[in-house]
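One line per chain: the protein sequences are A and B, in this order. Take the position in the first sequence, starting the count at 1, then add 17; the result is the number in this note's numbering. Take the position in the second sequence, starting the count at 1, then add 236; the result is the number in this note's numbering. For glycine and all other residues, C-beta sits at the position ideal for the given N, C-alpha and C. Here the structure is a predicted model, which means the values were calculated and not measured.
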Amino acid sequence: MSAVDPYVVVCAGGGGVGKTTTSAALALALAQAGRTTLIVTIDPARRLAGAMGVPITDEVTQVTLASAHGNLWALMPDPHRSLYTFAEQLFEGEPEAKARMLANRLYIGLADAAAGIHELVAMSLVARAAAQGKFDVIVIDTAPSRHAIEFVTLPGRLAALLGGRTVTWLAGVAQRAGGGTPSGASAGLVGWGAAHVENLLARVTGPTLVRDTGDLFRDLAVVRERFVALTEHAGKLLLGPTAAYLLVTAPTAAGRDDVLFLAQRLEAMGRAPRAIVMNRADTGPAPYAHALASHSASSASIALALTMLDEERASRSEAAERLSLDFRRHLAGVPIVRLPFIDATAPDQVVRTLSRELTPHLRVLVPDEHR
Amino acid sequence: MTTPVRPSGAALHAPPRSLSPVLLLMGKGGVGKTTIAAGLAVLEAETHGAAILVEFGDGDAGKRALGPSHRAVQHVVIRPNDAVHRAAIPLFGSATVAKLVLGNFAMKPLLGVAPAIRELAMLELVRQLAADRPGVRIVVDMPATGHSVAWLRVPKQGRDFLGSGPLFEMCDRIGRELLSPGRASILVVTLPERLVIEETLELCASVRQETGLHVDRIVVNRVPVALPPQALLDARAWVDAKGPQAGAAAQLAAVLEAREAARAEATASLDALATKDHAMWHVPLAPTDPYARDVARWLLAEGAP
């Protein structure tokens, strides 16, 4: 790792906890503090893209929000283009192989079910941006799933697949399927097993699937080195010493379970969460409530509105309190940053308000030298 | 509990289609799909004595949403890796052979990165479940949006791609016996927010175009509560009077304005939905996790199932 490697903050959490907004607010707070920051949204919500005034593209774009002081950049890759970008990156300078891959029905037909490709492409774009040496901090907003965090190990898993015997075998299968010769000639026990498996597979799936799979992997095997290079830097950035994981949550049972699950997955990767950020977790009554409720100018409608708002707030606070206790018990030592519920509908307003709330906590979320 | 926002237009609903035995619940992440699925399963179990809630994954979400008190609902958890092995047994003729093939040095890592295979297997297990338990309503909690339409496409793609053979037949069977009108109904869960609704409309269009299934119901979750409208007027008057605590009154006014804006947006987006040909159910916003039994009660009030 070079000295210019940026600090990477990976924000993970389940759906509906405000992860995308929180990631954007954190990036904005860092930019306001004078850090050159890149916000990467892996699953770009158009709402956020609109709020930040940036297009959904594979290019790094400057965020024009005045409050960002020119320090904030965004990368919101388009999931629909990932397959094409991936083929382009892998087969640069090899138009024939690229064309074959883009024409392979298996690649095109099944790859939109393979969410991993998009994450992989996004990470290679992040690695490219990091290599510019311009950014102090990169904030990554992962897809809204408790399994999203697995994307950090995907480069390794795919590289292992491409480097292993699987590809050699599949490429051989394709050749034989093309020539119509059975593969009984392979020597040794592995060869015998593989030949049988191959025959069984061909019988069950028909020859087309086996042939297309083989074709695909034969092309991929050729660019294995490039693939590994493409993903290696991203893997290092994500799992290296300058990466931190923030678990974003909200006071719901699902939020609680997702955090505990993600912390477990991180532990399995030899990592611990740097902090838990809990949205909609008000810590006390609204600042205006007491002043208004006790005032003689208050009306019956105001009193009723205050009561309704306070009841909502109290039930959120109570749930947040229970959750905090749970986290302290199960994840001792992990700091918890509680943020209030933001009453606003315009996404840019929510992002700005949350960034103000996050500013006092930057020390907890990002280490000093990167803050 | 509360009065949900209603679309402002009159007679917007098309007469609802009756629902098929299998209900596939779709929607983007975080809209409360699992909560609604559990509520529907509980409602079905309470009215007809039995219901099955199918969950893909580890089973935590469904268990949590059902809560401890709903033994009448059979909670079926389909784990991705088990699913491939179980669905492969009839293809290969025996569990041993299936294990041999799928455990093969080359197949194992391939299956690890080839999700379409797992999705096909999971759908096949739902098909088997529906075939084994005729007359029992099966509520399936599908994964989040883009991904789940891709799921429903897998059997058709597989059929077109393979042309013949046992795997082709499996794809064909799933298409005929599970993913066809009369066998399965699609329910889309959404939130009353403009952009979520826009995505929902896109989802409905791609379901229709790419799977040939209808979206039979749209469930609008977390419909916001109305605060007294007079309170905003009073708070504004207080601010204008510039008297004591005008600053606090301004803060309250800002909150009430935001709520009002959220409600106006909800009404507008519900109107956008209601002009389309879908029947809707509304579920109110609760400040914390609702119980499945409460959700069942709200759904019943909306005319479900």
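- Query: Which whole-angstrom value is the C-beta distance of glycine 298 of chain B and histidine 311 of chain B, which I expect to be below 8 angstroms?
  - Reply: Right, the Cβ-Cβ distance comes to about 5 angstroms (below 8 angstroms), so this counts as a contact.
- Message: In this structure, how does DSSP classify histidine 249 of chain B when only helix, strand and coil are distinguished?
- Response: The pLDDT assigned to histidine 249 of chain B is 47, lower than 50, so where the model puts this residue is not dependable; a value taken from the coordinates is nonetheless given after this. In the three-state reduction of the DSSP assignment, histidine 249 of chain B falls in the coil class.
- Task: Please decide whether glutamine 487 of chain B counts as near chain A, where near means a Cβ-Cβ distance under 7 angstroms.
- Result: Cβ-Cβ to chain A under 7 angstroms: yes for glutamine 487 of chain B.
- Item | Closer than 7 angstroms to chain A by CB, aspartate 476 of chain B | Closer than 7 angstroms: no.
- For the beta strand (DSSP E) containing isoleucine 454 of chain B, list its first residue and its last residue. Looking at the DSSP string, the run of the beta strand (DSSP E) that includes isoleucine 454 of chain B is 451-459.
- Query: What does threonine 225 of chain A reach in chain B if we use C-beta pairs closer than 7 angstroms?
  - Reply: The answer, in chain order, is Phe397, Leu398 and Gly399.
- Message: On the criterion of 16 or more Cβ atoms from any shown chain inside 10 Å, does threonine 230 of chain A qualify as buried, or is it exposed?
- Response: Threonine 230 of chain A comes out buried.
- Task: Keeping to the same chain, check which residues put their C-beta closer than 8 angstroms to that of leucine 356 of chain A; ignore five residues upstream and five downstream.
- Result: Thr39, Val294, Met295, Asn296, Arg297, Ala298, Leu371, Glu374 and Leu375, listed in sequence order.
- Message: Please list, in chain order, the residues of the segment 327-343 of chain B that have any C-beta partner in chain A closer than 8 angstroms.
- Response: Listed by position along the chain: Leu327, Phe328, Val333, Leu336, Val337, Asn340, Phe341, Ala342 and Met343.
- For alanine 303 of chain A, which three-state DSSP category applies? Judged by DSSP in its simplified three-state form, alanine 303 of chain A adopts coil rather than helix or strand.
- Unbroken beta strand (DSSP E) runs of length 3 or more, entirely within the segment 245-300 of chain B: which are they? Fully enclosed beta strand (DSSP E) runs of 3 or longer: 258-262 and 287-292.
- Check the DSSP bridge columns for cysteine 28 of chain A and list the partner residues they point to. According to DSSP, cysteine 28 of chain A bridges with A:Asp158 and A:Leu263.
- Using a cut-off of 7 angstroms between C-beta atoms, extract the partners of alanine 314 of chain A located in chain B. Going along chain B in sequence order, the residues near alanine 314 of chain A (Cβ under 7 angstroms) are Trp474 and Gly479.
- How big is the Cα-Cα spacing for leucine 323 of chain A and glycine 483 of chain B? Approximately 15 angstroms between the Cα atoms of the pair.
- Message: Between the segment 518-532 of chain B and the segment 448-461 of chain B, can you find at least three pairs of beta-carbon atoms closer than 8 angstroms?
- Response: Inter-segment contact for the segment 448-461 of chain B and the segment 518-532 of chain B is present: three or more beta-carbon pairs are separated by less than 8 angstroms.
- Query: Considering only the beta carbon of each residue, do leucine 390 of chain B and alanine 352 of chain B sit closer than 7 angstroms?
  - Reply: According to the sequence provided, residue 390 of chain B is valine. The question's leucine does not apply to it. At a Cβ-Cβ threshold of 7 angstroms, valine 390 of chain B and alanine 352 of chain B count as neighbours.
- Task: Please compile the residues from chain B whose C-beta is within a distance smaller than 9 angstroms of the C-beta of tyrosine 101 of chain A.
- Result: None at all; the shortest Cβ gap to chain B is about 17 angstroms.
- Shortest alpha-carbon distance to serine 141 of chain A belongs to which of A:Val154, A:Arg122, A:Val57 and A:Asp153? Among A:Val154, A:Arg122, A:Val57 and A:Asp153, the Cα nearest to that of serine 141 of chain A is on A:Val57.
- Item | the segment 475-489 of chain B contacting the segment 310-325 of chain A, beta-carbon criterion three pairs below 8 angstroms | Touching, yes.
- Does the beta-carbon of asparagine 317 of chain B have 16 or more other beta-carbons within 10 angstroms, so that it is buried, or is it exposed? Its Cβ having fewer than 16 others within 10 Å, asparagine 317 of chain B is exposed.
- With a 10 Å radius around its C-beta and 16 neighbouring C-beta atoms as the bar for buried, classify lysine 344 of chain B as buried or exposed. Under this definition lysine 344 of chain B is an exposed residue.
- Among residues of its own chain, excluding the 5 on either side of phenylalanine 404 of chain B, which ones have a beta-carbon nearer than 8 angstroms to its beta-carbon? The answer, listed in chain order, is Gly394, Arg395 and Leu398.
- Query: Beta-carbon separation of valine 309 of chain B and glutamate 291 of chain B under 7 angstroms?
  - Reply: Taking 7 angstroms as the cut-off, the beta carbon of valine 309 of chain B is found no closer than this to the beta carbon of glutamate 291 of chain B.
- Item | Anticipated Cβ contact below 8 angstroms, alanine 467 of chain B with leucine 431 of chain B, distance rounded | In fact, because the Cβ distance is near 28 angstroms, the residues do not count as touching under 8 angstroms.
- Query: How long is the line joining the alpha carbons of glutamate 429 of chain B and leucine 506 of chain B, rounded to whole angstroms?
  - Reply: One C-alpha to the other measures close to 8 angstroms.
- Item | histidine 23 of chain A burial status per 10 Å Cβ neighbour count (16 or more: buried) | Correcting the residue type first, residue 23 of chain A is proline in the shown sequence and not histidine. Residue environment analysis places proline 23 of chain A among the buried positions, since at least 16 neighbouring C-beta atoms fall within 10 angstroms of its C-beta.
- When the Cα of alanine 334 of chain B is compared with those of B:His321, B:Leu346 and B:Phe341, which residue comes out closest? It is B:His321.
- Query: Roughly how many whole angstroms lie between the Cα atoms of alanine 91 of chain A and valine 71 of chain A?
  - Reply: Per the coordinates, the alpha-carbon of alanine 91 of chain A lies some 7 angstroms from the alpha-carbon of valine 71 of chain A.
- Query: Is valine 221 of chain A close to chain B, meaning its C-beta is less than 7 angstroms from at least one C-beta of that chain?
  - Reply: So yes, valine 221 of chain A belongs to the interface.
- Query: Considering only residues of the same chain and omitting the five flanking positions on each side of phenylalanine 152 of chain A, which have a CB-CB separation below 8 angstroms?
  - Reply: Excluding sequence positions up to five before and after phenylalanine 152 of chain A, its CB lies within less than 8 angstroms of the CB of Pro23, Thr53, Thr54, Leu55, Trp90 and Ala146, all in the same chain and listed in chain order.
- When we look at the beta-carbon of leucine 326 of chain A and count the other beta-carbons within 10 Å, is it buried (16 or more) or exposed? A buried status is given to leucine 326 of chain A, since no fewer than 16 other beta-carbon atoms sit within 10 Å of its beta-carbon.
- Within the 7 angstroms Cβ cut-off, does glutamate 136 of chain A reach chain B? No, its Cβ sits nowhere closer than 7 angstroms to a Cβ of chain B.
- Item | DSSP three-state assignment for histidine 213 of chain A, whether helix, strand or coil | DSSP, reduced to helix, strand and coil, places histidine 213 of chain A within a helical segment of the structure shown.
- By Cβ distance, which residues of its chain are closer than 6 angstroms to proline 199 of chain A, with the 5 residues on each side in sequence left out? With a pLDDT of 42 at proline 199 of chain A, under the threshold of 50, the predicted position of this residue should be treated as unreliable, though the coordinate-derived value follows. Contacts found: none.
- From the beta carbon of glutamate 496 of chain B, is the nearest beta carbon of chain A less than 7 angstroms away? No, glutamate 496 of chain B lies away from the interface with chain A (no Cβ there is under 7 angstroms from its Cβ).
- Message: Between which two residues does the alpha helix (DSSP H) holding methionine 325 of chain A run?
- Response: The continuous alpha helix (DSSP H) containing methionine 325 of chain A extends over residues 317-347.
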